[in-house]
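Report on the structure given below.
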Amino acid sequence: DTAVSQTPKYLVTQMGNDKSIKCEQNLGHDTMYWYKQDSKKFLKIMFSYNNKELIINETVPNRFSPKSPDKAHLNLHINSLELGDSAVYFCASSQGRDIEQFFGPGTRLTVL
Amino acid sequence: GNSVTQMEGPVTLSEEAFLTINCTYTATGYPSLFWYVQYPGEGLQLLLKATKADDKGSNKGFEATYRKETTSFHLEKGSVQVSDSAVYFCALYNAGNMLTFGGGTRLMVKP
């Protein structure tokens, strides 16, 4: 009974490709997030959705497009992948403005 | 804006040694403060939190006290174990559902 799950766990792809990462939470939370963790472990928020509506977009290139089909899912689609997109991407969720966020296991994206 | 600064790692200790990982922050208002832990190959887990000045968060032998006068939230443990080896992140939460993280500190505990 995983609380926040992500697929795939690993993703290796060529520059220029388009790829998606999926996230699902079974905690009944209404707010979900995407974070990017670079090779130096620095963690930065990318997006946040509340009740399927975008509430945070932190200066992320337009090539990144989050999609929330329902409150339990927040997928991340990336167009025209670049070498600098290589990182670990974490999904997280919380209940409204509850300060505690629950993180998924991460997706390691490698762009060759 | 908000920012969190942690001591750079790695921190290498022997088992049963005393641990301190420093964390200082800059924020407007009255943020909540957190320590998250990331074990190898896993996502972040909340370790402890404090929501107001002078609060002490504690969990699994780890402690941190919210010091508003020094804008600090240092993580301590009296006796570390090999299983504590991980990356530790200090974070603050302010208005707008945003967590701001420090750069992470890798802890390596040797038997």
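The listed protein sequences derive, respectively, from chains A and B.
When you read off a place in the first sequence, starting at 1, and then add 33, the result is the number in this note's numbering.
When you read off a place in the second sequence, starting at 1, and then add 1280, the result is the number in this note's numbering.
For every residue, glycine included, the Cβ atom is placed at its ideal position computed from N, Cα and C.
With a contact defined as Cβ atoms closer than 8 Å, L1293/B and V1367/B miss out at about 14 Å.
At a C-beta separation below 8 Å, M1378/B has these neighbours in chain A: I78, S81, I89. At a cut-off of 9 Å between C-beta atoms, Q58/A does not count as an interface residue with respect to chain B. Bridge pairing for S1294/B: K1390/B [DSSP].
Closest in alpha carbon position to L1299/B, among P1320/B, P1391/B, D1364/B, is D1364/B.
For the pair of segments examined, the region 101 to 108 of chain A was found to touch the region 80 to 89 of chain A: the number of CB pairs separated by less than 8 Å reaches three. When beta bridges are read from the DSSP output, T1304/B appears opposite T1285/B, S1352/B. Straight through space, the alpha carbons of L1313/B and A1330/B are spaced by roughly 5 Å. Listed along chain B is no residue with a C-beta nearer than 9 Å to that of E86/A; the closest approach is about 12 Å. Here the alpha carbon of Y68/A sits roughly 16 Å from the alpha carbon of N95/A. Positions of the beta strand (DSSP E) runs, each at least 3 residues long and wholly inside the region 53 to 88 of chain A, are given as 64 to 70, 76 to 83 in order along the chain.
By the Cβ neighbour-count rule, Q1318/B is buried, with 16 or more other Cβ atoms within 10 Å of its own.
Where S1365/B is concerned, there is no enclosing beta strand (DSSP E), because DSSP gives it neither an H nor an E. Look at the region 1357 to 1370 of chain B: the residues with a C-beta under 8 Å from a C-beta of chain A are V1367, F1369.
With 16 or more other Cβ atoms inside 10 Å of its own Cβ, P1311/B counts as buried.
The beta carbon of G1309/B is closer than 8 Å to those of N1374, A1375 in its chain, skipping five residues each way along the sequence. Between the alpha carbons of Q1286/B and D51/A lies a distance of about 35 Å. Restricting attention to V37/A, A36/A, K42/A, the CA atom closest to the CA of R141/A is found in K42/A. In this chain, the beta strand (DSSP E) harbouring I111/A covers 106 to 111. Excluding five sequence positions before and after Q134/A, the CB atoms of its chain that fall closer than 8 Å to its own CB belong to Y66, A125, S126, S127, given in chain order. Between S1283/B and Y1305/B, the C-beta gap is smaller than 9 Å, which places the two residues in contact. Under a criterion of Cβ atoms nearer than 9 Å, no residue of chain A is adjacent to Y1310/B; the nearest Cβ is some 12 Å distant.
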